[in-house]
Amino acid sequence: MNSGVMTDQQQQLTDGRPRRRRTARQRRKQLVGLLFVAPALALVLLFFVIPLGMAFWMSLHNWPLLGKPRFIGLGNYARLLDDAQFWASMRFTVYYTLIVTVAIFSIAFPLALFVEKTRSLTKLYRTAFFLPVVVGFGSASLLWAWLLDVDSGLFSPAAERLGLMDQRVNLLAGFDTTFWSIIIMVVWKTAGFNMIILLTGLQGISTEVQEAARIDGASPWQRFRRITLPLMRRTIALALILSVAGSMLAFDQFYIIADGGPQNSTVTAVYWIFSQSFGSFRLGYGAALSMVLLVILVFISVVQLRLLRNPEGM
Amino acid sequence: MARTRTAPAHRLFATLRYHGFGIGASILFLAPLVWSVLVSFKPSIEARQPPLPPWPVGGFSLQSYDNLAQYGAGIWTYAGNSIAVSLATVVASVLVSLLAGYGFSRFQFPLKNVLFVLIISTVMIPFQSILTPLFLILTKLGLQNTLTGIVLVYVTLQLPFSTFMMRNAFDAVPKEIEDAARVDGASVFAVLTRIMLPLVLPGVATVAIFAFLASWNEFLAALILLTDQKKYTLPVLMAAVRSGQFGTIDWGAVQSGVTLMMAPCLALFLLLQRYYIRGLTAGAVK
Chain A
942 MNSGVMTDQQ QQLTDGRPRR RRTARQRRKQ LVGLLFVAPA LALVLLFFVI PLGMAFWMSL
1002 HNWPLLGKPR FIGLGNYARL LDDAQFWASM RFTVYYTLIV TVAIFSIAFP LALFVEKTRS
1062 LTKLYRTAFF LPVVVGFGSA SLLWAWLLDV DSGLFSPAAE RLGLMDQRVN LLAGFDTTFW
1122 SIIIMVVWKT AGFNMIILLT GLQGISTEVQ EAARIDGASP WQRFRRITLP LMRRTIALAL
1182 ILSVAGSMLA FDQFYIIADG GPQNSTVTAV YWIFSQSFGS FRLGYGAALS MVLLVILVFI
1242 SVVQLRLLRN PEGM
Chain B
24 MARTRTAPAH RLFATLRYHG FGIGASILFL APLVWSVLVS FKPSIEARQP PLPPWPVGGF
84 SLQSYDNLAQ YGAGIWTYAG NSIAVSLATV VASVLVSLLA GYGFSRFQFP LKNVLFVLII
144 STVMIPFQSI LTPLFLILTK LGLQNTLTGI VLVYVTLQLP FSTFMMRNAF DAVPKEIEDA
204 ARVDGASVFA VLTRIMLPLV LPGVATVAIF AFLASWNEFL AALILLTDQK KYTLPVLMAA
264 VRSGQFGTID WGAVQSGVTL MMAPCLALFL LLQRYYIRGL TAGAVK
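For the protein sequence lines, the chains are A and B, in the order given. Note that the numbering used here has the first sequence beginning at 942, numbered continuously upward. Note that the numbering used here has the second sequence beginning at 24, numbered continuously upward.
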């Protein structure tokens, strides 16, 4: 009641005011708005935009940790074309991304379907599947590094004790066993995340459509193929791209569990950038490698935006 | 007659199958976590053996935690670093995104949309590709190898998510509420803190949880930007222990460290699950 009266008064006041005062007030309000967003902008400028520009600038230089940087134009980029380990790392990263994404989906999708309808205990199951997600990649890697250990770990000694193997096998000694162990660990850690994303998509499908198809005599598999999957295109695209982008940047698990081994066979792209920049202190070369990775990731993001914006995607 | 007897039997079988799968899958997902926690309470010598059975046979022991406490400058230094970094990241993320969210939601100013897109679009660029320049910039500012420096980096990395979250939270509050307060003579700042803040608290909770989990668990940036061993956060310390930098690997101590790192994340999630899932699905639904 009180405020209603005030509004009328204020209306009169502002209407009676000369124009100049009004624009001055508007400008002050604009300034206040800018002040509110200023801290965020300052942080993004200082710790994102400027470093981004610097990364490009550095990639054109021979830039040691100490001593003077020397401009070499595209020299670093020319060099990375001949860098066998870089290409091996890129190939490995793409291979890992493909395999792990398929593996995650083949577990997360059934889980999402399983927890979709709320029955007794469903919430408990959801929470159980999701718990590994909130544990950090660092902790999860340390945990699995132990489970995979040949002497004190779980898998190899347990297999021996159950009579599955004659003797203990060091799972981290060969490429295949290391690789698949890490795939299993990542699936364990991230399936719950993808399950929740897919679940939001599943729950967005109206039950009436499903019901109608059921009455028309469609089998569960037909309903999944013809109704669920097409209607979930957007959600699936989102989960896929999150998984692909995340896997392309994998580092923690390969560094902590495998140390890039055996024989550098599990060195990922980020791992190689890390070791060039902070192991060999070739900062300029590391920056050039970073730019390549950045272009790939931005490309993935653009594809993502296209897929998600496309109205037919609904 | 036969029908009425088979229908309940069929339903019972379906229920059994449902819970059989649910319980089996839950065990698979929870087992590694439980295994690690149980082993951390084994006596040192027993923890060196394969964890079969997982529980301490020779009695419950805190030996692994004692061993963990001995590394480097003492576990409390590192736990303290992790706690300080995480809490500071939470507070700063909430403050900065609260202001930015309010600004972007309620004010008109030149380039508003461009600036908003600028902040949000940093999510597309992997921070892994700008770590070297970040290292140099922090060195220039005298913040390299300081907890303050890494907090600033973490807050920046959280900004696309936290700004987006807070702007949406403010957008959801009807304009009439603050108009009424403004007319009553409250200042812009009073409107924000006294009237708007309680209304956007769920958004604040979401931002805070994500900021905590991200900064508590972050590994690569901490590994690069914290060069002095005394400044290590827990993940960096434990990775150093695992790589054998402190001598032979004591797996019991490593698992007690893992337990220490997991506990706050699990507790926070179980307590505030609703706000966490809200944040997770905000991106998916949008």
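Every residue, glycine too, gets a C-beta built ideally from N, C-alpha and C.
Should residue i go down as buried or exposed, given a rule of 16 or more other Cβ atoms within 10 Å for buried?
{"i": "A:E1149", "result": "exposed"}
{"i": "A:V1043", "result": "exposed"}
{"i": "B:M24", "result": "Only weak support exists for where B:M24 lies, its pLDDT of 43 falling under 50; the value from the coordinates is given anyway. Label assigned to B:M24: exposed."}
{"i": "A:F1134", "result": "buried"}
{"i": "A:Y1196", "result": "buried"}
{"i": "B:I160", "result": "buried"}
{"i": "B:T112", "result": "buried"}
{"i": "B:F158", "result": "buried"}
{"i": "A:V1211", "result": "buried"}
{"i": "A:L1112", "result": "buried"}
{"i": "A:T1207", "result": "buried"}
{"i": "A:K1064", "result": "exposed"}
{"i": "A:T955", "result": "Only weak support is given to the placement of A:T955: the predicted model assigns it a pLDDT of 47, under 50, and the value that follows is read from those uncertain coordinates. Looking at its Cβ environment, which holds fewer than 16 other Cβ atoms inside 10 Å, A:T955 is exposed."}
{"i": "B:I148", "result": "buried"}
{"i": "A:A1114", "result": "exposed"}
{"i": "A:T1141", "result": "buried"}
{"i": "B:E199", "result": "exposed"}
{"i": "A:R1067", "result": "buried"}
{"i": "A:F1240", "result": "exposed"}
Looking only at its chain, what residues have a beta carbon closer than 8 Å to the beta carbon of residue i, apart from the 5 residues adjacent to it on each side?
{"i": "A:V1244", "result": "I1182"}
{"i": "A:G1079", "result": "D1193 and I1197"}
{"i": "A:V946", "result": "Since pLDDT at A:V946 reaches only 39, below the 50 mark, its modelled position is unreliable, and the value read off the structure follows with that caveat. Cβ neighbours of A:V946 beyond the five flanking positions: none."}
{"i": "B:R26", "result": "Its pLDDT being 49, under 50, B:R26 is placed unreliably by the model, and the measurement read from it follows with that caveat. Taken in chain order, the list of residues that qualify is empty."}
{"i": "A:I1013", "result": "L1001, H1002, N1003 and G1225"}
{"i": "A:Q951", "result": "Low confidence applies to A:Q951: its pLDDT is 45, below 50, so where it sits in the model is not reliable, and the reading given next is rough at best. Nothing listed; no residue qualifies."}
{"i": "A:L1015", "result": "L1001"}
Residue i lies in the alpha helix (DSSP H); which residues open and close that run?
{"i": "B:M261", "result": "L257 to R265"}
{"i": "A:N1111", "result": "It is not in any alpha helix (DSSP H) - A:N1111 carries neither H nor E in the DSSP assignment."}
{"i": "A:F1027", "result": "A1025 to E1057"}
{"i": "B:V113", "result": "I98 to R129"}
{"i": "B:T169", "result": "Segment: none, B:T169 is in no alpha helix (DSSP H) and carries neither H nor E."}
{"i": "A:R1167", "result": "No alpha helix (DSSP H) holds A:R1167; DSSP gives it neither H nor E."}
{"i": "B:I143", "result": "K135 to S144"}
{"i": "B:T250", "result": "Segment: none, B:T250 is in no alpha helix (DSSP H) and carries neither H nor E."}
{"i": "A:Q1204", "result": "Careful: A:Q1204 lies outside any alpha helix (DSSP H) and carries neither H nor E."}
{"i": "A:W998", "result": "I991 to S1000"}
{"i": "A:M1189", "result": "R1174 to M1189"}
Please name the residue, chosen from the options, that lies closest to residue i on a Cα-to-Cα basis.
{"i": "A:M995", "options": "B:L180, B:P156 and B:T229", "result": "B:P156"}
{"i": "B:I46", "options": "A:Q1204, A:I1168 and A:S1061", "result": "A:S1061"}
{"i": "B:T162", "options": "A:H1002, A:L986 and A:L1006", "result": "A:L1006"}
{"i": "B:V277", "options": "A:L1083, A:R1011, A:V1074 and A:K1064", "result": "A:L1083"}
{"i": "A:F1219", "options": "B:S67, B:L249, B:S185 and B:V80", "result": "B:L249"}
{"i": "B:L51", "options": "A:G1201, A:A1069, A:R969 and A:V1239", "result": "A:A1069"}
{"i": "A:F1050", "options": "A:A1132, A:V985, A:V1074 and A:M1106", "result": "A:A1132"}
{"i": "B:M188", "options": "B:Q72, B:L154, B:E69 and B:G226", "result": "B:G226"}
{"i": "B:I143", "options": "A:F1222, A:L1140, A:V985 and A:M1232", "result": "A:V985"}
{"i": "A:I1237", "options": "A:V1035, A:D1023, A:M1136 and A:L1105", "result": "A:V1035"}
{"i": "B:L293", "options": "A:L1072, A:R1164, A:A965 and A:L1088", "result": "A:L1072"}
{"i": "A:R1175", "options": "A:S1242, A:L1249 and A:V1185", "result": "A:L1249"}
{"i": "A:D1024", "options": "A:I1214, A:R1247 and A:L1246", "result": "A:I1214"}
{"i": "B:Q252", "options": "B:G97, B:V60, B:S67 and B:P76", "result": "B:G97"}
Tell me whether the beta-carbon of residue i lies closer than 8 Å to the beta-carbon of residue j.
{"i": "A:M1173", "j": "A:L1143", "result": "yes"}
{"i": "B:I232", "j": "B:L291", "result": "yes"}
{"i": "B:A123", "j": "A:V978", "result": "yes"}
{"i": "B:S49", "j": "B:K65", "result": "no"}
{"i": "B:F127", "j": "B:R205", "result": "no"}
{"i": "B:V174", "j": "B:A115", "result": "yes"}
{"i": "A:W1121", "j": "B:P55", "result": "no"}
{"i": "B:G270", "j": "B:S63", "result": "no"}
{"i": "A:L1230", "j": "A:L1021", "result": "yes"}
{"i": "A:I1123", "j": "A:A1178", "result": "no"}
{"i": "B:L257", "j": "B:Y101", "result": "yes"}
{"i": "B:A245", "j": "B:V259", "result": "yes"}
{"i": "A:M1031", "j": "A:W1085", "result": "no"}
{"i": "B:S87", "j": "B:S266", "result": "no"}
Using a Cβ-Cβ cut-off of 7 Å (strictly less than) and excluding sequence neighbours within five positions of residue i, which residues of its own chain qualify?
{"i": "A:N943", "result": "Low local confidence applies: a pLDDT of 40 at A:N943 is under 50, so the model's placement there is unreliable, with the coordinate-based value given in what follows. Excluding positions up to five away in sequence, the list is empty."}
{"i": "B:V230", "result": "S116, V117, S120, S185, M188 and M189"}
{"i": "A:Q1217", "result": "R1223, Y1226, G1227 and L1230"}
Can you give me the Cβ contacts of residue i inside the same chain, cut-off strictly under 6 Å, excluding the 5 residues immediately before and after it?
{"i": "B:F316", "result": "With chain B represented from 24 up to 309, any question about residue 316 of chain B goes unanswered, as that position is not in the structure."}
{"i": "B:L166", "result": "G172"}
{"i": "B:A192", "result": "V223 and G226"}
Output yes if chain E places a C-beta closer than 8 Å to the C-beta of residue i; else output no.
{"i": "B:T229", "result": "Of the chains in the structure shown, none is chain E; the protein chains are A and B."}
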